[in-house]
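Per this note's numbering: the sequence shown = residues 128 to 438. Each residue gets a CB set at the ideal place from its N, CA and C atoms; glycine is no exception. The structure under discussion appears below in the form of structure tokens.
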Amino acid sequence: MSSLQKAAQTALKVCMGLKQNEKILIIYDTKKRILANVLAKEAKKVKLLKIPESKVHGQEPSKKTANEMLKHDVIMMVTSKSLSHTDARRKASKKGVRIASMPGITKDMFLRTMKADYNKIEERTNKISELLTKGKKVKLTTKKGTNIIMNIKGRRAEKGALIRKKGNFKNLPSGEACLGPLEGTTNGIFVVDCCFFEKVDKPIKVTVKNGYATEIKGGKSAKKLIKMLESINHKDAYAIAELGIGTNDKAKITGNLLEDEKVFGTAHIALGNNISYGGKINVPIHLDGVFNKPTIFIDNKKIMDNGKLII
């Protein structure tokens, strides 16, 4: 058995808990054809669905694709751009479909992260998620200048790393404890030194007032980020949408968001759509900014010190 086949089996059997009688839909675009085919060969009742590459993360798929997503037990979205924060995905999840979103996944990342112990990652993620769900306020700082506070009271954090229960939805590779802070409550600065939509050429400094990014400074990557947000032509593109804490010890920083935001010892803050996190902001964009070695306090209790978990 090749290492790719082995990784595909881990993804399907361990992470997704795919059963022999279940129908699986694999959505892919041209750039991700090879990985999609590898996964399809390891499944039985499988349908491959090729779609055009989306222009931005969070762009709705066609009605035909959205309808097809309701007809299967399991979906794996092996795409260049993310379909995670779309109504199509949310409707399928609501119907009980188990979904893995894999935007921008590469062969190297797939091979590396499928060697992880996902049961251990599940345990670690749940520990942090429970603290977030019970918490009221979170403060994050870094040596690079992050100093930000947000209200999370009443928001439920995403649990686990496995996608085995009806309606479960996660990225693959998985490994993050995340939630949507209350709208209008985040204030401070976060400095992204890993990646936003790409590996940043210079750290991006984002100033936040009352839940919205009011200033973005940095190099070429910052200018690209500003253009992407401006293209949405809506103030809610600048809203603080998510706080996430990475829990996958096999993930490493590569400049690819899918993996970077899962790295154990990082945190990320997203702008844009927060519907998936129980929020009210529905815009066709969701961009995560990942930063390394945060110190994190939940209700004044330190849970992470310079990237090291201390709970």
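Proximity to asparagine 383 across Val335, Pro411, Ser209 and Asp363 peaks at Ser209, based on C-alpha coordinates.
In the structure shown, cysteine 321 falls within a coil segment according to DSSP collapsed to helix, strand and coil.
Taking a C-beta distance under 8 Å as the contact criterion, isoleucine 279 and leucine 309 qualify as a contact pair. Comparing alpha carbon positions, the residue from Lys420, Glu325 and Arg216 closest to serine 228 is Arg216.
Note on geometry: alpha-carbon atoms of arginine 251 and isoleucine 396 lie some 20 Å from one another.
Between glutamate 388 and glutamate 303, the CB-CB gap stays under 8 Å.
Judged by DSSP in its simplified three-state form, serine 348 adopts helix.
Distance from the Cα of lysine 172 is smallest, within the candidate group Ser189, Lys182 and His199, for His199. Distances from the alpha-carbon of threonine 233 to those of Ile161, Lys292, Lys266 and Lys242 put Ile161 closest. If you draw a 10 Å sphere on the C-beta of lysine 168, you find fewer than 16 other C-beta atoms in it, and that means exposed. For isoleucine 255 and valine 417, the gap between their C-alpha atoms comes out near 18 Å. Spatial neighbours of aspartate 363 in its own chain (CB-CB distance under 6 Å, excluding positions within 5 residues in sequence) are listed in chain order as Ile408 and Val410. Serine 181 counts as buried, since at least 16 other C-beta atoms from the protein chains shown sit within 10 angstroms of its C-beta.
C-alpha of glutamate 285 to C-alpha of asparagine 253: approximately 8 Å in a straight line.
By the Cβ neighbour-count rule, lysine 297 is buried, with 16 or more other Cβ atoms within 10 Å of its own. Going by DSSP, lysine 190 is part of the alpha helix (DSSP H) stretching over 190-195. Annotation note: the segment 239-285 contains the following uninterrupted alpha helix (DSSP H) runs of length 4 or greater, listed N- to C-terminal: 245-261. Contact fails between the segment 218-228 and the segment 268-283, because fewer than three Cβ pairs, one in each stretch, are under 8 Å apart. Judged by DSSP secondary structure, serine 209 falls outside any beta strand (DSSP E); it is assigned neither H nor E. Lysine 329 is classed as exposed because its beta carbon has fewer than 16 other beta carbons within 10 Å across all chains shown. With respect to the 8 Å criterion, serine 207 and lysine 158 are classified as neighbours on the basis of their beta carbons. The three-state reading of DSSP puts phenylalanine 424 in strand, counting E and B together.
Inter-residue distance for glutamine 136 and isoleucine 412 is about 32 Å (C-alpha atoms, whole angstroms).
Within the same chain, and ignoring the five residues on either side of histidine 361 in sequence, the residues whose Cβ sits closer than 6 Å to its Cβ are Val410.
Judged by DSSP secondary structure, asparagine 409 falls outside any beta strand (DSSP E); it is assigned neither H nor E.
With a cutoff of 8 Å on beta-carbon distance, phenylalanine 317 and serine 348 are scored as not near each other. Going by C-alpha positions, isoleucine 372 is about 10 Å away from leucine 259.
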